[in-house]
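There are 2 protein chains.
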Amino acid sequence: MADLSRMADAIRFLSIDTFLKIGDGHPGTPLGAADIVTTLYNRHLKFDASDPTWPDRDRFVQSNGHGSMLIYAANHLAGFDKISIEEIKRFRELGSHCPGHPEYDPEAGIETTTGPLGQGIANAVGMAVAEEKLRARFGPDLCNHYIYALTGDGCLMEGISQEVIELAGHLKLGHLIFLFDSNHITDDGETCQAITEDQAARFRVAGWHTVECDGHDPASIDAAILLAKADPRPSFVTCHTVIGKGVPRIAGDRAAHGGKLVPQDAIDAREALGWSHEPHVVPDDLLLAWRAGGTRGRAERLAWQDRLDASEAEVKAEFQRLTASKLPDGWRAPLIHRKAQYAAERPNQPTVASSGEILDVLSDAIPELMSGAPDLEAATKHKRRLAPFTAQDRSGRYLHYGVREFAMGAMMNGMAAHRGVQPFGITFLVFSDYERHAIRMAAMMGLPVIFGFSHDSIGIGRNGPTHQPVEYLASLRAMPNLNVFRPADSVELAECWELALERRNGPSAVICTRQAVPTVRGDGTAENRAARGAYVIAPASGARQATLFATGSEVQIALDARKTLEARGIPTAVVSVPCWELFAAQDKGYRDEIIGRATVRVAIEAAASLGWERFIGEDGAFIGMSSFGASAPEDELFAHFGITADRAVSAVLERLDAKEEKRVPETV
Amino acid sequence: MADLSRMADAIRFLSIDTFLKIGDGHPGTPLGAADIVTTLYNRHLKFDASDPTWPDRDRFVQSNGHGSMLIYAANHLAGFDKISIEEIKRFRELGSHCPGHPEYDPEAGIETTTGPLGQGIANAVGMAVAEEKLRARFGPDLCNHYIYALTGDGCLMEGISQEVIELAGHLKLGHLIFLFDSNHITDDGETCQAITEDQAARFRVAGWHTVECDGHDPASIDAAILLAKADPRPSFVTCHTVIGKGVPRIAGDRAAHGGKLVPQDAIDAREALGWSHEPHVVPDDLLLAWRAGGTRGRAERLAWQDRLDASEAEVKAEFQRLTASKLPDGWRAPLIHRKAQYAAERPNQPTVASSGEILDVLSDAIPELMSGAPDLEAATKHKRRLAPFTAQDRSGRYLHYGVREFAMGAMMNGMAAHRGVQPFGITFLVFSDYERHAIRMAAMMGLPVIFGFSHDSIGIGRNGPTHQPVEYLASLRAMPNLNVFRPADSVELAECWELALERRNGPSAVICTRQAVPTVRGDGTAENRAARGAYVIAPASGARQATLFATGSEVQIALDARKTLEARGIPTAVVSVPCWELFAAQDKGYRDEIIGRATVRVAIEAAASLGWERFIGEDGAFIGMSSFGASAPEDELFAHFGITADRAVSAVLERLDAKEEKRVPETV
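Protein sequence lines correspond, in order, to chains W and B.
1 is the number of the first residue of the first sequence in UniProt numbering; add one for each residue after it.
1 is the number of the first residue of the second sequence in UniProt numbering; add one for each residue after it.
Here you go:
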């Protein structure tokens with residue numbers, strides 16, 4: 001078998017030759033961590049490049065995604081079809097499978113999108129939770145693999161790293177192994193400019209097993225990973241490396257991080273490493289060795305397949321369902337039943353309380369549903385009957401994240417990318433900012449994660465402006481591929497939950513109130529009215545003169561205003577808008593009918609106005625927030641900020657008068 | 001002098017009586033940490049309640065802001081005028097100085113707004129940096145105080161805590177002292193559900209001095225704080241406490257965190273603590289003792305004032321200027337000079353490069369300007385000539401934050417709240433999500449922090465969608481009290497910098513390109529055209545038929561489109577919109593004139609469309625992004641996503657045709 005160091009050089013030269021070709025790229029990591037990844041892929045990582053999505057494969061996450069050529073080169077060498085040499089050469093070209101940073105594509109051996117530092121390792125921690133869950137449920141015959149994450153200094157400086165390090169240690173995720181590419185260099189230069197602490201000591205405090213190795217000596221790396229696998233704790237392997245190793249001009253220097261290579265670098269590196277091959281040519285012996293490494297897992301996979309086939313039909317079907325990320329048959333029925341109950345009973349309660357009740361129903365129907373609420377289980381009413389997932393008991397389905405919202409978001413992404421778990425996590429809407437970038441990554445990856453939020457407006461009252469979202473609905477609606485739901489009542493909430501769950505190619509945000517809201521929908525049939533994003537919840541009694549748009553707790557205010565307007569002989573429709581994104585996807589005819597441009601239009605939402613012109617045009621009125629909130633009882637706040645039915649009525653009347661005036665001169 | 005434990009009970013009963021009165025509040029912290037704060041205020045904290053904004057006072061931050069009654073009760077007892085007993089009774093009422101969570105108000109002894117966990121301690125670290133800066137510049141005679149922050153478990157679980165703990169240890173901020181209210185309880189119950197690690201060990205790894213004490217024994221607390229002050233490192237004082245101490249039903253229980261008190265609790269607490277006074281009555285001896293504590297610092301303050309008065313006139317004036325958060329005379333002239341240069345030289349370069357050049361100019365003009373770019377100094381071109389601020393040299397004005405964006409944001413808020421430093425920090429726009437909640441807090445507090453961003457669109461090219469902001473402009477524009485600037489070129493950038501700096505009552509975001517953009521403004525007089533938020537940068541040659549709105553790098557595209565349209569005989573104006581917020585503040589006449597409703601309107605921005613209807617109405621065209629970006633050379637991306645002058649031209653022509661068609665039937 002070829003020498004692992006030579007095999008690592010194959011990564012180095014694929015990288016160097018590609019960087020030179022396009023005049024771009026981050027050389028530091030692929031050159032510096034080539035030996036780590038080569039040893040991992042060829043001695044430890046359980047995978048079969050001919051079946052990249054084998055559910056029991058080990059997962060490898062390159063958290064320092066800027067060095068993406070490392071994983072592309074390794075995956076090409078190991079034989080992943082999608083990463084051909086042509087794709088390598090198309091590095092960072094439009095449509096290439098080798099984009100600037102690794103993008104989630106399990107068929108290409110890319111387990112998650114990385115680049116925004118800290119989140120890759122957090123995804124890995126989520127994957128390790130999913131692995132534990134599946135192993136607990138199906139036993140080690142069907143699920144028994146490791147999660148490896150390569151991390152640089154950058155990921156470890158981001159705060160999210162500490163959140164997940166603490167959780168992984170606390171939960172004793174023994175199948176989790178971090179490989180630390182420790183080269184003491186970041187973009188700004190020596191790490192000692194910004195950090196003095198001993199990273200391994202930090203992990204030990206958090207309950208991890210730690211070990212170190214020479215990151216350029218395959219035997220040393222191999223031995224360290226062996227120890228890491230043997231330890232029942234999560235392991236942190238410090239690999240001492242030289243950034244940019246192999247290119248003399250930049251090795252060990254900050255220029256290696258993201259600096260450009262020059263042609264002489266390729267010549268010098270060839271000289272230094274004794275590499276005589278043409279650009280992008282990997283000698284046969286090395287390629288053969290790599291390809292052998294890429295199928296090392298085949299026998300294990302076939303044995304696993306035999307075990308799966310030998311399982312009871314039900315077990316096999318269930319395992320396959322879970323790892324295909326499909327929901328179980330019949331998950332919808334109990335939800336629709338619960339919805340019908342709400343429509344019949346018409347409770348006056350916080351939608352977050354109803355969401356907790358719905359979670360209970362869904363937890364029975366969807367055994368893979370796992371929830372969590374970072375230190376807010378009481379306030380969000382979302383733990384309820386689920387037992388905790390702990391170091392001692394992996395059967396639990398509630399994760400005590402602690403006060404760590406960003407960790408929750410990124411871990412949920414890891415669970416969804418791993419498959420086997422349907423993640424749901426809820427916190428106050430105002431803390432969505434803490435996990436916001438994880439929501440973005442879920443949207444970019446198209447993962448079916450459900451982000452729950454409560455305490456969605458000034459309706460929280462006395463806790464004051466720090467806890468009152470104002471700009472959040474707009475900021476979430478601005479994000480591509482995220483469906484943002486703000487249901488009006490318990491019935492609509494059930495519909496939004498249904499839409500969020502059935503969406504398998506992207507995340508949803510389900511946003512609830514803390515304060516009690518009446519049930520405004522008396523109809524609870526199987527038809528999902530929220531599915532069109534906006535709909536007439538109360539029609540005009542005659543030819544529609546006014547349209548009131550509202551979401552969430554403000555739908556009731558719109559209905560109150562409508563009553564007054566109708567009493568004054570102004571036919572008024574109320575449109576509930578639980579989801580802007582779904583509405584935008586409707587045909588123009590439906591949208592025009594809902595919007596009612598010829599009518600006087602008013603929107604009511606206890607939030608910033610940004611974007612509402614889509615519904616109300618340039619002459620409509622917006623009744624909502626234009627500043628941060630305040631600390632006071634919620635009823636007083638709605639009055640103080642003028643979010644009232646009276647103001648909606650006045651806004652309509654003023655605009656009708658103005659229209660009338662306009663019309664008069666024309667007719668006289 | 002009265003017994004400190006009895007004085008602490010005064011905090012407890014003000015809290016209990018207030019919670020019972022309003023039926024709301026978080027009792028755990030004011031009851032559990034009353035002894036810590038009482039000992040701190042009456043034995044260590046250097047302040048004078050009769051002059052709350054004395055610049056050399058010690059700062060006290062209650063980072064666990066949900067327990068706000070603690071600081072309100074202490075400040076009332078210590079004699080801060082603003083926190084009268086009437087205000088205490090109006091706890092959480094509209095307009096009260098005692099809102100749900102503490103809100104920045106130095107005159108009331110509230111040094112920063114807290115509530116969103118983790119940020120208070122991060123603000124404190126920023127304050128400690130500001131204190132070191134002032135001490136280095138003016139000597140300990142004028143600046144020599146401590147920064148204390150009370151923290152619970154929640155703040156320490158948030159990732160930002162690790163970021164600032166590492167930085168504070170690394171920077172050896174010896175005047176920083178964290179008091180850890182360690183009661184092993186959070187909202188979800190026992191902390192062991194979510195954390196197993198030894199917090200003090202974690203701080204030791206980061207280079208802190210640690211000490212512990214009995215958090216209910218004033219002598220023990222006193223001794224620990226003495227040790228903390230004496231140590232040259234930042235200190236972490238673990239105070240072992242019982243949450244909710246004093247109310248037997250909830251003491252030591254999660255019910256203490258945010259649970260409601262019942263009347264029997266007040267009776268039982270009075271029994272348990274031997275307190276026989278009516279609600280809200282503090283016996284004279286205790287009040288006198290507290291008031292004596294509240295003015296302990298008076299002699300020190302007067303001595304300090306003497307030293308200040310005895311200083312050279314220039315030194316005194318400069319110190320007073322800095323602590324009044326005023327910019328130096330003449331800061332504007334060199335900036336305007338630089339702007340004139342840009343207008344004359346018309347460089348074709350990234351606006352982030354110009355921003356780096358402008359920072360150089362401003363650094364000379366504004367000695368308190370301190371900058372930082374979390375591990376992106378090369379990419380953002382913003383370190384330049386500034387020397388680093390380090391543990392060894394406090395004269396530096398560049399802070400190596402490491403890869404810690406959230407820490408940067410929250411520390412800048414602390415610096416601005418402390419005064420003496422004008423903070424500026426820059427990172428990629430896509431990482432603004434990481435620091436987003438700190439931006440929110442700056443906006444809520446009205447602090448003059450400048451948040452710089454670069455790499456503002458798909459214009460970054462090959463690095464791909466993870467690093468290409470799409471939704472960010474909209475999400476920042478949604479935030480109240482934040483001015484969001486996206487300048488078109490170097491000239492407009494200089495104007496935006498001027499507007500950001502002169503704004504003393506709120507933060508600004510200044511957003512730059514990575515790619516080169518031409519200088520589109522040839523006029524560089526002292527007039528600040530960006531000041532109106534939007535203006536006609538290229539007028540129509542005749543009666544305006546079309547209006548093209550654009551920001552940033554897309555202004556050039558709009559100008560190109562205008563050229564084509566004008567050549568086709570269509571008088572077209574281009575409106576540059578560097579700041580929506582400033583435009584919204586203009587009078588209606590100006591806004592109407594700019595908007596040009598009678599014209600065909602098209603907006604061009606390489607970002608999400610949310611909100612642009614304000615400019616283009618319901619029939620206008622938006623040319624921008626509706627999905628995440630992609631990895632490819634930037635020119636290809638603009639073509640791929642159709643953000644081109646050709647598309648703008650077509651959009652105008654289509655709409656003109658449609659208008660024409662509409663008009664025809666009317667006239668026939």
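C-beta atoms are modelled at their ideal positions from N, C-alpha and C, and glycine is treated no differently.
A quick note: this is a predicted structure, and the numbers were derived from the prediction, not measured.
Query	Result
Could you check whether the Cβ of B:E613 sits closer than 9 Å to any Cβ belonging to chain W?	yes
Give every residue of the same chain whose Cβ lies closer than 7 Å to the Cβ of W:A516, excluding the five residues on either side of it in the sequence, and list them in chain order.	N348, Q349 and P350
Per DSSP, what kind of secondary structure is B:S15 in: helix, strand or coil?	helix
DSSP puts W:H26 in a beta bridge; with which residues?	DSSP lists no partner for W:H26.
Rounded to whole angstroms, how far is the Cβ of B:A443 from the Cβ of B:V484, which I believe are closer than 8 Å?	No, B:A443 and B:V484 are not in contact; Cβ-Cβ is about 11 Å, not under 8 Å.
Could you tell me whether the Cβ of W:Y146 comes closer than 9 Å to any Cβ of chain B?	no
What separation, rounded to the nearest whole angstrom, lies between the Cα atoms of B:V602 and W:K588?	20 Å
Tell me which same chain residues have a C-beta within less than 6 Å of the C-beta of W:A621, skipping the five on either side of it?	V602 and A651
Along the beta strand (DSSP E) that carries W:G425, what are the first and last residues, could you check?	Q422 to F428
So what does W:D198 bridge to, in DSSP terms?	For W:D198, which the question treats as bridged, DSSP gives no partner whatsoever.
When you compare only the Cα positions, how much space is there between B:D56 and B:E212?	27 Å
Between the stretch 369-378 of chain B and the stretch 402-416 of chain B, can you find at least three pairs of beta-carbon atoms closer than 8 Å?	yes
Report all residues from its chain with a CB closer than 7 Å to the CB of B:V449; omit the five preceding and five following residues, and keep chain order.	M412, N413, A416, P423, A442 and P507
My parser needs the alpha helix (DSSP H) runs of 4 or more residues fully inside the stretch 423-506 of chain B; what are they?	432-445, 472-477 and 490-502
Which word fits B:G258, buried or exposed, when buried means at least 16 other C-beta atoms lie within 10 angstroms of its C-beta?	buried
Examine chain W for any beta-carbon lying closer than 9 Å to the beta-carbon of B:M370, and answer yes or no.	no
State the CB to CB distance for the pair B:L94 and B:I11, rounded to an integer number of angstroms; the pair is presumed to be in contact (CB under 8 Å).	Incorrect: roughly 25 Å between the Cβ atoms, too far for contact.
Under three-state DSSP, which class holds B:D56?	coil
I'd like to confirm something about W:K326: is its beta-carbon nearer than 8 Å to some heavy atom of the ligand NAD, or not?	The ligand NAD is not part of the structure shown, which contains no ligands of any sort.
Using 8 Å as the Cβ pair cut-off and three pairs as the minimum, do the stretch 149-158 of chain W and the stretch 115-131 of chain W touch?	yes
Just to confirm the assignment, what range does the beta strand (DSSP E) spanning W:H240 have?	S235 to H240
Looking at chain W, which residues of the stretch 32-58 of chain B have a Cβ within less than 7 Å of any of its Cβ atoms?	none
Quick one: Cα of B:S311 to Cα of B:Y41, how far?	30 Å
Measuring only the C-alpha atoms, how far is B:V668 from B:A546?	For B:V668, the pLDDT reaches just 40, beneath the cut-off of 50, and the residue's location in the model is therefore unreliable, leaving the point undetermined.
Relative to the C-alpha of B:A534, which candidate in B:P469, B:I511 and B:C579 has its C-alpha closest?	B:C579
Quick one: residues in its chain with C-beta nearer than 8 Å to the C-beta of B:H101, no 5 flanking neighbours on either side, listed in chain order?	G65, H66, S68, T113, T114 and G115
When you compare the CB positions of W:L362 and W:L399, do they come within less than 9 Å of one another, or not?	no
Please check if any C-beta of chain W sits within less than 9 Å of the C-beta of B:S626.	yes
Buried or exposed: where does W:E271 fall if 16 or more other Cβ atoms within 10 Å of its Cβ makes it buried?	exposed
Short of 7 Å Cβ to Cβ, which residues in the stretch 106-139 of chain B face chain W?	T113, G115, P116 and L117
So what does B:S182 bridge to, in DSSP terms?	B:H240
To the nearest whole angstrom, what separates the beta carbons of W:P30 and W:L4, a pair I think is in contact under 8 Å?	In fact, because the Cβ distance is near 16 Å, the residues do not count as touching under 8 Å.
Taking the alpha-carbon positions, what's the B:K229 to B:L171 distance?	16 Å
Return the chain-ordered list of same chain residues with a C-beta closer than 8 Å to the C-beta of W:I110, the five sequence neighbours on each side being excluded.	I71, N75, P102, E103 and Y104
So, with DSSP's three-state summary, where would you put B:L327?	coil
Contact criterion: CB-CB distance below 9 Å. Does B:R477 meet it with respect to chain W?	yes
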